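Student:
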Amino acid sequence: MALIESWKLVVLQRYAKFDGRAGRAEFWWFVLANFLAYLAIIILVQISSIFLLLWFVYGIGVIIPSIAVAIRRLHDTDKSGWFLLIGLI
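Using our numbering, the letters of the sequence shown correspond one by one to residues 143 to 231.
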């Protein structure tokens, strides 16, 4: 699974799908795509602060897909999606 296809799959097709499983490739390609997108936006913010709005909109837009793919990845490892809340402690 390629980088862009994985991002499209997670964000556009499985936006809020919390059931099922996400394989390692789907999860890690999505994480890499998000990292690169944030890196590009941070570089743009250094050029002009107007891009802070882009950073905010992108961040809000990928919250639910990020949580969904993390929960599906936990399901793939036979763990409950509630384990994601451990990070809040």
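Beta carbons: idealized from backbone N, C-alpha and C, even for Gly. Just so you know, these numbers come straight off a predicted model, no measurement behind them.
1) Residues in its own chain within less than 7 Å of residue 187 by CB, not counting five upstream and five downstream?
2) Alpha carbon to alpha carbon, how far is residue 206 from residue 161?
3) Given a cut-off of 8 Å, decide if residue 210 and residue 175 are closer than it, judged by their beta-carbon atoms.
4) So residue 164 and residue 218 are in contact, right, with Cβ under 8 Å, and what is the actual spacing, rounded?
5) Beta-carbon within less than 7 Å of residue 204's beta-carbon, same chain only, minus the 5 sequence neighbours each way: which residues are those?
6) Taking the beta carbon of residue 224 as the centre, do at least 16 other beta carbons fall within 10 Å, making it buried, or is it exposed?
Tutor: Looking at the coordinates:
1) 193, 194, 197
2) 13 Å
3) The answer is no: Cβ separation not under 8 Å.
4) 6 Å
5) 153, 176
6) With fewer than 16 Cβ atoms within 10 Å of its Cβ, residue 224 is classed as exposed.
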